[in-house]
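Asks: Numbering (my numbering), first residue to last: 84 to 341. For every residue, glycine included, the Cβ atom is placed at its ideal position computed from N, Cα and C. Values in this document were obtained by computation on a predicted structure and should not be read as measured data. The following block contains the structure, expressed as C-alpha cells.
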C-alpha cells in the first residue's frame, strides 16, 4: 500500500500522541513512587521518634484521600457541625483560653484537659505548628475549619479516652481515631506502630490497640460534639454521654511496664 503524504502525516500524529501519553504516564508513575519514598521515610522517622508530630501530620496529610470530604459531609449535616461552620467557630480559641479553663470545676472536662496538657508540657498551638504544611491543598474554607478542628481536639480526645502520651497510648488513640474518621494515614501509623512497639510492650499490645479501635467504633461520633459547651461538664458524665469506656486493656499493659 502506497504511503501518501496524508497517511504519513496521520501516522506521525498518532505516534506523537502515543509518545505524549507514554511520557505523561511515566511522569505520573515517577511522581507516585517519589511520594511513596517520601511516605516511607516519614514512617521510618516517626517510628524512630514517636514524638515527631510533624512527621505524623505528613503521613496523615499524604494519605488523607476522600475520607476527609466524606466525614466533612457528615459534620456539615449535623446540627452542631452546621452551627460551627455558620458562626465560624474555632475550637483552638477556646482551648487557648487558659484563664477561663482554670476557673472550671476540678472534675470538669476543661480542668482535666488543662492538667493533661500542663503535665505533658503541651499547648494547642504546638499542633498548629506541627501541621503547618498539612493543609495547603484544602481550598474550601469550611473543610479546612473542620480538618483543623479535628487536629485541635486531639488532646481533648486523649483526655476523654484516658490514653497517655506514651507510644502505646498514642497508638491506641490513633486506632480509636481511625475508627471514628477512617483516615488511612492514621490507620497506617497505628498498624505499623503496633508491630514496632510490640517488642517494647509485649503481650497485650495488639489487644489494647484492637480494643481502642472497637471502642472508637462504638463511641458517639466525636467530631460533631459541642466540645465548647462540654468543657464545663463533669468529665465522667461526658464519657458516659459519649459512650467512651475506661481503656482497661491499655491500662493492663502499662501496669506491667512499672
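Measuring CB atoms only, is the region 252–259 touching the region 292–301, in the sense that at least three cross pairs come out at less than 8 Å?
Replies: Contact holds: three or more Cβ-Cβ distances are below 8 Å.
Asks: Taking just the CA atoms, how far does residue 245 sit from residue 324?
Replies: The straight-line gap from Cα to Cα measures roughly 15 Å.
Asks: Would you identify the three-state DSSP class for residue 266, choosing helix, strand or coil?
Replies: In the structure shown, residue 266 sits in coil (DSSP, three-state: anything other than H, G, I, E or B).
Asks: Going straight from the alpha carbon of residue 178 to that of residue 172, what length do you get?
Replies: Using only the alpha carbons, I get a separation of about 12 Å.
Asks: Would residue 306 pass as a contact of residue 263 if the rule is Cβ separation under 8 Å?
Replies: Cβ atoms of residue 306 and residue 263: closer than 8 Å.
Asks: Taking residue 251 and residue 333 to be in contact with their CB atoms under 8 Å, please state how far apart those CB atoms are, rounded to whole angstroms.
Replies: So it is a contact: roughly 7 Å between Cβ atoms.
Asks: Looking at residue 238: is its Cβ nearer than 8 Å to the Cβ of residue 196?
Replies: In this structure, residue 196 lies closer than 8 Å to residue 238 by Cβ.
Asks: For the region 219–273, list the alpha helix (DSSP H) runs that are entirely contained and at least 4 residues long, ordered along the chain.
Replies: Whole alpha helix (DSSP H) segments, 4+ residues: 224–235, 237–244, 250–264.
Asks: Apart from the five residues just before and just after residue 311, which ones in its own chain have a Cβ nearer than 6 Å to its Cβ?
Replies: Excluding sequence neighbours, residue 311 sits near 177.
Asks: With a CB to CB cut of under 7 Å and the five nearest residues on each side skipped, what residues in its chain are close to residue 291?
Replies: Closer than 7 Å at Cβ, skipping near neighbours: 251, 255, 332, 333, 336.
Asks: Measure the alpha-carbon distance for residue 322 versus residue 227 and round it to whole angstroms.
Replies: One C-alpha to the other measures close to 27 Å.
Asks: Pick from 127, 338, 318, 153: whose alpha carbon is nearest that of residue 241?
Replies: Considering only alpha carbons, the answer is 318.
Asks: Buried or exposed: which applies to residue 207, given that a residue is buried once 16 or more other Cβ atoms fall within 10 Å of its Cβ?
Replies: By the 10 Å Cβ count, residue 207 comes out buried.
Asks: May I ask which residues mark the beginning and end of the alpha helix (DSSP H) holding residue 293?
Replies: Residue 293 -> alpha helix (DSSP H) spans 288–301.
Asks: Is the Cβ-Cβ distance between residue 191 and residue 271 less than 8 Å?
Replies: No, they are not a contact pair.
Asks: Can you give the Cα-Cα distance for residue 188 and residue 194, rounded to whole angstroms?
Replies: Roughly 7 Å between the two C-alpha positions.
Asks: Using 8 Å for Cβ pairs, my map puts residue 261 next to residue 269. What's the rounded Cβ distance?
Replies: Contact holds; Cβ gap of about 5 Å.
Asks: Would you list the one or two residues that DSSP bridges to residue 191?
Replies: 317.
Asks: Do residue 225 and residue 174 have their beta-carbon atoms positioned less than 8 Å apart in this structure?
Replies: No, these two residues do not count as a Cβ contact at 8 Å.
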